[in-house]
């Protein structure tokens, strides 16, 4: 019996393996800080948008639905909690917790891929773009709040 890999059925393959979930497609990615910026200025829905853009660039579109649902659910939860907070209670800890939570969720989801992208000298999308998009999401959220308030007050006659 010879020592060539073809003759030994127990020999591990000599091929270089790549993890498809963390291999970049060569497209620019957002930094993890962009998730925090978008979340702070445009609610968790904007942070979810940044995360989805990175997942698309990494070829992991199948995870996008869960990220969107998480962003929308977290945004709704923040508004419900804010509604029931006493008047003299600050919402700052909730805002800070949301930003930090979204940042670490993004780090857990694709942090390794972002580090590999950086090590390979990959290109980055601008944090200013994430900021601009977050403002658009903020306008959309404000418009939705106004629409729901209008419906509750003028159509149903409820008092807010």
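In our numbering, the protein residues as written are 49 to 208. We treat Cβ as the ideally placed atom computed from N, Cα and C, and that holds for glycine. On a predicted model such as this, the values are computed, not experimentally measured, just so you know.
Bridge partners of residue 103 according to DSSP: none are assigned. In the structure shown, residue 77 falls within a strand segment according to DSSP collapsed to helix, strand and coil.
With 16 or more other Cβ atoms inside 10 Å of its own Cβ, residue 88 counts as buried. Between the alpha carbons of residue 60 and residue 83 lies a gap of roughly 40 Å.
At a Cβ-Cβ threshold of 8 Å, residue 99 and residue 154 count as neighbours. At a Cβ-Cβ threshold of 8 Å, residue 186 and residue 91 count as neighbours.
Following the DSSP letters along the chain, one finds residue 169 in no alpha helix (DSSP H), marked with neither H nor E. Between the alpha carbons of residue 119 and residue 94 lies a distance of about 8 Å. One alpha carbon belongs to residue 74, the other to residue 205, and they sit about 54 Å apart.
CA-CA distance, residue 125 to residue 150, rounds to 14 Å. When C-beta atoms of the segment 184 to 200 are compared with those of the segment 128 to 140, fewer than three pairs fall below 8 Å, so the two segments do not count as touching.
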